[in-house]
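Comments concern the structure below.
Residue numbers (the numbering used here): 31 to 329.
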């Protein structure tokens with residue numbers, strides 16, 4: 031498989047600094063080598079240009095912090111991914127989760143200017159379904175899924191032109207932290223979200239089976255994996271840790287099952303914060319998750 035790695039070193043959407051160094055941490059954890067060892071052809075495309083917080087305009091328009099520079103970075107990400115040739119598997123590494131507005135859109139538009147119908151598997155402790163009006167913080171990394179479905183600020187929700195994610199094509203796994211107004215929006219949209227209670231009761235295998243059934247009509251599958259989906263004991267280097275997350279093996283099992291489906295065409299790894307990490311543990315774990323999605327097996 032031809033893999034293309036693209037870094038988006040952005041921490042403009044988060045409330046804590048440090049995730050802009052996530053792409054470097056993942057590369058230092060031997061991401062490219064791990065994927066080449068699986069037999070893939072890997073090209074590192076470098077990084078999307080992102081404004082520095084110290085020099086960017088922090089003006090909060092409509093309750094959103096760093097709107098303009100985040101929009102610029104997402105446009106750049108979208109354009110670079112949309113231009114990749116067919117048959118390429120893009121692995122985008124962030125950066126805070128606001129980058130997914132660019133990655134999801136770019137992957138949907140790749141080879142199809144009108145946008146392909148794409149399933150989104152959102153592995154995260156948070157639903158990230160706030161809008162500017164519902165967000166208690168104004169941090170855009172808590173809003174990407176809402177904007178991908180057409181809610182919120184028109185400039186961010188319009189990144190795909192006329193294309194938007196269909197709520198029925200989104201499945202969230204590992205959820206355990208949701209704001210009150212965000213919960214109402216999520217229910218209205220009808221997005222399927224598996225909380226940690228569901229993980230405990232159903233298990234990862236059944237959740238994977240139900241996810242594949244729900245997304246059976248989609249042409250592509252994109253996995254957006256926030257490191258804070260895993261328990262903080264597994265991934266301590268995240269800005270918004272929430273106890274009680276996915277275990278190391280639950281994370282790997284989910285990735286292994288998605289790999290066996292043969293349907294995943296792109297992936298994000300986001301919210302790795304080396305400032306808060308222990309000896310690059312979080313980056314190393316997330317490299318392992320990517321390797322499991324891309325074919326690594328125990329035997």
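Quick reminder that beta carbons are idealized off the backbone N, C-alpha and C, glycines included. Owing to the predicted nature of the structure, the values given are computational and were not obtained by experimental measurement.
Residue from the options whose Cα sits closest to the Cα of residue i
| i | options | result |
| --- | --- | --- |
| residue 255 | 290, 244, 158, 306 | 158 |
| residue 107 | 73, 169, 35, 55 | 35 |
| residue 83 | 222, 299, 98 | 98 |
| residue 93 | 276, 244, 182 | 182 |
| residue 245 | 141, 275, 198, 61 | 198 |
| residue 215 | 203, 179, 284 | 179 |
| residue 281 | 43, 261, 146 | 261 |
| residue 265 | 250, 49, 287, 313 | 313 |
| residue 77 | 56, 144, 276 | 56 |
| residue 220 | 175, 277, 259 | 175 |
| residue 229 | 276, 218, 320, 217 | 276 |
| residue 150 | 200, 105, 278 | 200 |
Neighbour-count burial assignment, residue i, 16 or more Cβ in a 10 Å radius
| i | result |
| --- | --- |
| residue 308 | exposed |
| residue 116 | exposed |
| residue 222 | buried |
| residue 263 | exposed |
| residue 169 | buried |
| residue 52 | buried |
| residue 298 | buried |
| residue 247 | exposed |
| residue 67 | exposed |
| residue 202 | buried |
| residue 136 | buried |
| residue 210 | exposed |
| residue 286 | buried |
| residue 37 | buried |
| residue 218 | exposed |
| residue 140 | buried |
| residue 144 | exposed |
Beta-carbon proximity of residue i to residue j, cut-off 8 Å
| i | j | result |
| --- | --- | --- |
| residue 124 | residue 40 | yes |
| residue 257 | residue 173 | no |
| residue 232 | residue 289 | no |
| residue 154 | residue 205 | yes |
| residue 42 | residue 65 | no |
| residue 267 | residue 45 | no |
| residue 109 | residue 81 | no |
| residue 300 | residue 207 | no |
| residue 148 | residue 63 | no |
| residue 171 | residue 126 | yes |
C-alpha distance - residue i paired with residue j, whole-angstrom precision
| i | j | result |
| --- | --- | --- |
| residue 332 | residue 47 | One cannot answer for residue 332 here, as it falls past the ends of the chain, which runs 31 to 329. |
| residue 227 | residue 242 | 20 Å |
| residue 196 | residue 253 | 15 Å |
| residue 318 | residue 329 | 15 Å |
| residue 113 | residue 184 | 24 Å |
| residue 160 | residue 274 | 22 Å |
| residue 344 | residue 224 | Because the chain in this structure spans residues 31 to 329, residue 344 falls outside the shown range and cannot be described. |
| residue 304 | residue 58 | 11 Å |
| residue 240 | residue 86 | 43 Å |
| residue 138 | residue 111 | 9 Å |
| residue 177 | residue 234 | 28 Å |
| residue 121 | residue 186 | 22 Å |
| residue 119 | residue 310 | 25 Å |
| residue 88 | residue 284 | 38 Å |
| residue 152 | residue 49 | 19 Å |
| residue 278 | residue 259 | 10 Å |
| residue 165 | residue 212 | 8 Å |
| residue 54 | residue 306 | 14 Å |
| residue 69 | residue 156 | 34 Å |
Residue i beta carbon near the ligand NAP (any heavy atom closer than 7 Å)
| i | result |
| --- | --- |
| residue 313 | As presented, the structure is devoid of all ligands, the ligand NAP included, so that no description of it is given. |
Cutoff 8 Å: residue i Cβ touching any chain D Cβ
| i | result |
| --- | --- |
| residue 153 | In the structure shown, chain D does not exist; there is a single protein chain. |
For the stretch 129 to 139 against the stretch 66 to 75, are there 3 or more C-beta pairs whose distance is under 8 Å?
Taking one beta carbon from each stretch, the stretch 129 to 139 and the stretch 66 to 75 have fewer than 3 pairs nearer than 8 Å; the two do not touch.
I want to know whether the stretch 190 to 197 touches the stretch 283 to 295 - three or more CB-CB distances under 8 Å.
The stretch 190 to 197, when compared against the stretch 283 to 295, does not touch it at the 8 Å Cβ threshold.
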